Amino acid sequence: MKRIASVGIILILVGLISACSAQALSVSDVWARPGTADNNSAVYFVIDNPTAADDVLLSASATVAQAVELHESMMDGDVMKMVPQENVPVPAREQVQFKQGGLHVMLIGLTQDLNPGDHFTVNLNFENAGEMALDVEVREP
Ligand SMILES: [Cu+2]
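Just so it is clear: in the sequence shown, position 16 is 3 by my numbering, and no numbers are missing.
In structure tokens, the structure reads:
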């Protein structure tokens, strides 16, 4: 009887641990617009933070561009302009969308052509979740 009880407790603990590990920050729907060498492109995705802790996207890096910046597009009167972001907060239990006309990872000065179907890597650096390597697919918008 005692033994059955302790097995039960162990199963509960295992269940709790796997529930916790499933609740990690994740990034999905990763894609980039096509571009040619020396021009610019942008990377889009969705960050999902199911955890109880706020996180912050601190920076992004990639070898396919000379510079990589966090930007947000916004309307200034009739003109769409891009504003560099020092970082992007990802609050607890929220999703943050990087999408056309909004937040994006700007690839400045491409070191190679990006054609539809190509894949490359972008690294995101989060305050809590740490470094995350994304497989990016180039796609027509
Ligand atoms: Cu931009």
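Cβ coordinates follow ideal geometry from the N, Cα and C atoms, glycine included.
It should be emphasised that the depicted structure is a prediction, and the values quoted were computed from it without experimental measurement.
One question on the structure: do Y31 and F85 come within less than 8 Å of each other, judged by their Cβ atoms? The residue given as residue 31 occupies position 44 in the sequence shown. The residue given as residue 85 occupies position 98 in the sequence shown. In this structure, F85 lies closer than 8 Å to Y31 by Cβ.
From the DSSP output, which residues share a beta bridge with D63? The residue given as residue 63 occupies position 76 in the sequence shown. In DSSP, D63 forms a bridge with V66.
Select from E81, E124, G96 and L101 the residue whose C-alpha is nearest the C-alpha of A54. Within the sequence shown, numbered from 1, the residue matching residue 54 stands at position 67. Taking A54 as reference, the option from E81, E124, G96 and L101 with the minimal CA-CA separation is G96.
Quick check: does the Cβ of M69 come within less than 7 Å of any heavy atom belonging to ligand 1? By 1-based counting over the sequence shown, the position of residue 69 is 82. Placement of the Cβ of M69 at a distance of less than 7 Å from at least one heavy atom of ligand 1 is found.
Identify every run of the alpha helix (DSSP H) within the stretch 33 to 121, keeping only runs that are complete inside it and at least 4 residues long; order them along the chain. For the stretch 33 to 121, not a single whole alpha helix (DSSP H) run of length 4 or above is found.
Which two residues bound the contiguous beta strand (DSSP E) that contains D16? The residue you call residue 16 lines up with position 29 of the sequence shown. Element bounds for D16: S13 to A19.
Between the Cα of L44 and the Cα atoms of H58, G88, Q10 and T50, which residue gives the shortest distance? In the sequence shown, the residue the question calls residue 44 occupies position 57. Considering only alpha carbons, the answer is H58.
Could you tell me the distance, in whole angstroms, from the CA atom of M93 to the CA atom of E56? Counted from its first residue, the sequence shown places residue 93 at position 106. Counted from its first residue, the sequence shown places residue 56 at position 69. Straight-line spacing of the CA atoms in M93 and E56 works out to 5 Å.
How many whole angstroms separate the CB atoms of V17 and V123, which I take to be in contact at a CB cut-off of 8 Å? In the sequence shown, residue 17 corresponds to position 30, counting from 1. In the sequence shown, residue 123 corresponds to position 136, counting from 1. About 5 Å separates the beta carbon of V17 from that of V123, a gap short enough to meet the 8 Å contact definition.
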